[in-house]
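Q:
Numbering (the working numbering), first residue to last: 70 to 425.
#1: Should residue 103 be labelled buried (16 or more other beta-carbon atoms within 10 Å of its own) or exposed?
#2: Could you please give the first and the last residue of the uninterrupted alpha helix (DSSP H) stretch that includes residue 395?
#3: Let me confirm a value: residue 408 is counted as buried when at least 16 other C-beta atoms fall within 10 Å, else exposed. Which label applies?
#4: Could you spell out the range, first to last residue, of the beta strand (DSSP E) harbouring residue 146?
#5: Cα-Cα, which of 382, 78, 193, 154 is closest to residue 113?
#6: Can you check DSSP and say which residues form a bridge with residue 310?
#7: Who are the Cβ neighbours of residue 376 in its own chain at under 6 Å, not counting the five residues just before and after it?
#8: Once DSSP output is grouped into helix, strand and coil, what is the label at residue 138?
#9: So residue 319 and residue 98 are supposed to be a Cβ contact under 8 Å. How far apart are they, rounded?
#10: Considering just the uninterrupted stretch of the alpha helix (DSSP H) at residue 413, what are its terminal residues?
#11: With contact counted as at least three CB pairs below 8 Å, one residue from each stretch, are the segment 388-407 and the segment 222-237 in contact?
#12: Could you tell me whether the segment 213-227 touches the segment 236-245, using the rule of 3 or more Cβ pairs below 8 Å?
#13: Hey, how far is the Cα of residue 388 from the Cα of residue 372?
#14: Go through its chain and collect everything with a Cβ distance to residue 344's Cβ below 7 Å, but skip five positions before and after it.
#15: Which class does residue 273 belong to by DSSP, given the choice of helix, strand or coil?
#16: Quick one: is the Cβ of residue 140 within less than 8 Å of any heavy atom of the ligand SAM?
#17: Helix, strand or coil for residue 107 per DSSP?
#18: Compare the beta carbon distance of residue 213 and residue 324 with 9 Å and say whether it is the shorter of the two.
#19: Is residue 202 closer than 9 Å to residue 266 when the C-beta atoms are compared?
#20: What does residue 255 pair with, by DSSP beta-bridge criteria?
#21: Closest to residue 189 by C-alpha separation, out of 110, 328, 96, would be which residue?
#22: Is it the case that the Cβ atoms of residue 273 and residue 256 are separated by a distance below 9 Å?
#23: Could you compute how far the alpha carbon of residue 315 sits from the alpha carbon of residue 93?
#24: Starting from the C-beta of residue 317, find all residues in its chain whose C-beta is less than 7 Å away, skip the five residues before and the five after it, and write them out in chain order.
#25: Apply the 10 Å Cβ neighbour rule to residue 75 and answer buried if 16 or more other Cβ atoms are within range, or exposed otherwise.
#26: Report all residues from its chain with a CB closer than 8 Å to the CB of residue 199; omit the five preceding and five following residues, and keep chain order.
#27: Using three-state DSSP, classify residue 250 as helix, strand or coil.
#28: Counting only the same chain and skipping the five closest in sequence on each side, list residues whose C-beta sits under 8 Å from that of residue 251.
#29: Using DSSP's beta-bridge definition, name the partner residues of residue 188.
#30: What does a CB cutoff of less than 8 Å around residue 83 pick up in its chain, not counting 5 residues either side in sequence?
#31: Of the choices 393, 340, 121, whose alpha-carbon is the least far from that of residue 146?
#32: Cβ of residue 105 within 9 Å of Cβ of residue 179?
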């Protein structure tokens, strides 16, 4: 028999995730570096011959170091650090010497006071960002929201962490909806963050099905996706390596707002609003053939559409049936794509059955 405990992380699992995030954070170094102290070159670290970034902090040879460049950091160099552009920049990666020439040319054109935030870990450049980027680390987001979840009676369901995103999903076992479909629907919330400039700090209402184990990002009265969407933008950071104390001080306001957003999306008013929306969607027939609906979205791959149609054939031909078929297909996707589909399904629901 499926119970709420089936879908809740155990204390050892939570402890392991937090420890891993803390260890990861301890191994990272963040620094603000003038553009003239950054050089692109082609060379070797170990056996690889590849594009590298040479950083000179201006304190002798010991302060110079080479780093590999993670893929999304390459994109940031093309779009934030230079005027090369993403399309041409990706082509340059097939010709490393030409890549280095172009990157160095554009960095050399920057004003003398231009600087960048480099987020590194060991021998890797994690991200190449504006010096106005406000750092909010995954560990701090996880710890803050976990503590808040405890006070509001929510339980952690999933901790998904990739190179670019962290997504924490919490469930409220006492917030359930019966849609007469043989399943239990539980409300909760999802907290998202990107340490490397690939997304804002988000708090989004979440709906989870116990039996089918798929989820849905819900909307708000303003038909926006989320109770909170806070971009990582602040004032200019000082040059040099940033301390953990400075980083946490910067993040405190956003972390506090995240706590407020959690309370907001779990309010009785919001719960009743989304309950009415789901009940209406469950009674609203699809206005067109499912194949045509999916084709018009231009969002799903052919394989994903096939799987959605398979799921829908076993469900009611309603707006809610389509939404659930979309999210059921997302169950076996990697975490980033699953989140994209769960978010898209919520937007689709809001378009056809607006939140009242």
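Ideal placement from N, C-alpha and C gives every residue a C-beta, glycine not left out.
A: On the basis of the supplied data:
#1: In the chain shown, counting from the first residue as 1, residue 103 sits at position 34. Buried: at least 16 other Cβ atoms inside 10 Å.
#2: Residue numbering aside, residue 395 sits at position 326 when the chain shown is read from its first letter. Residue 395 -> alpha helix (DSSP H) spans 388-399.
#3: Numbered from 1 along the chain shown, position 339 holds the residue referred to as residue 408. Buried, since its Cβ has 16 or more Cβ neighbours within 10 Å.
#4: By 1-based counting over the chain shown, the position of residue 146 is 77. First-last for residue 146: undefined, no H or E at that position.
#5: Indexing the chain shown from 1 puts residue 113 at position 44. Per the Cα distances, 193.
#6: As a working note, residue 310 is residue 241 in the chain shown. DSSP lists 100 as partners of residue 310.
#7: Here residue 376 refers to the residue found at position 307 of the chain shown. Cβ neighbours of residue 376 beyond the five flanking positions: 398.
#8: Locating residue 138 in the chain shown gives position 69, where the first residue counts as 1. Here residue 138 sits in strand by DSSP.
#9: Along the chain shown, one-based indexing puts residue 319 at 250. Along the chain shown, one-based indexing puts residue 98 at 29. Not really, about 16 Å apart at Cβ, beyond 8 Å.
#10: Counting from 1 along the chain shown, the entry for residue 413 is found at position 344. Residues 404-421.
#11: yes
#12: yes
#13: Stepping through the chain shown from its first residue, residue 388 is reached at position 319. Stepping through the chain shown from its first residue, residue 372 is reached at position 303. Approximately 21 Å, taken between the alpha carbons.
#14: Counting from 1 along the chain shown, the entry for residue 344 is found at position 275. The residues are 246.
#15: Working through the chain shown from its first residue, we reach residue 273 at position 204. Strand, per DSSP.
#16: The ligand SAM is absent from the structure shown, which contains no ligand whatsoever.
#17: Within the chain shown, the letter at position 38 stands for residue 107. It is a strand residue.
#18: Stepping through the chain shown from its first residue, residue 213 is reached at position 144. Stepping through the chain shown from its first residue, residue 324 is reached at position 255. For residue 213 and residue 324, yes; Cβs fall inside 9 Å.
#19: One-based indexing of the chain shown puts residue 266 at position 197. One-based indexing of the chain shown puts residue 202 at position 133. Yes, they are a contact pair.
#20: On the chain shown, residue 255 is found 186 positions in, with the first residue counted as 1. Paired residue(s): 245, 277.
#21: To locate residue 189, count along the chain shown from 1; it is residue 120. When only C-alpha atoms are compared, the closest one is 96.
#22: The residue given as residue 273 occupies position 204 in the chain shown. The residue given as residue 256 occupies position 187 in the chain shown. No, the Cβ-Cβ distance between residue 273 and residue 256 is not below 9 Å.
#23: As a first step, residue 315 is located in the chain shown; it is residue number 246 there, counting from the start. As a first step, residue 93 is located in the chain shown; it is residue number 24 there, counting from the start. Spanning the two alpha carbons is a distance of roughly 18 Å.
#24: Numbered from its first residue, the chain shown carries residue 317 at position 248. Contacts found: 209.
#25: Along the chain shown, read from residue 1 onward, the residue named residue 75 stands at position 6. Burial call: exposed.
#26: In the chain shown, the residue the question calls residue 199 occupies position 130. So the list reads 149, 185, 186, once near-sequence residues are dropped.
#27: By one-based count along the chain shown, residue 250 stands at place 181. If DSSP states are grouped into helix, strand and coil, residue 250 belongs with coil.
#28: Here residue 251 corresponds to residue number 182 of the chain shown, with the count starting at 1. So the list reads 280, once near-sequence residues are dropped.
#29: Your numbering for residue 188 matches position 119 in the chain shown. Beta-bridge pairing links residue 188 to 99, 196.
#30: Here residue 83 refers to the residue found at position 14 when the chain shown is read from its first residue. Around residue 83: 215, 225, 228.
#31: Locating residue 146 in the chain shown gives position 77, where the first residue counts as 1. Nearest option by C-alpha distance: 121.
#32: Position 36 of the chain shown, counted from the start, is the residue given in the question as residue 105. Position 110 of the chain shown, counted from the start, is the residue given in the question as residue 179. Yes. Within cutoff.
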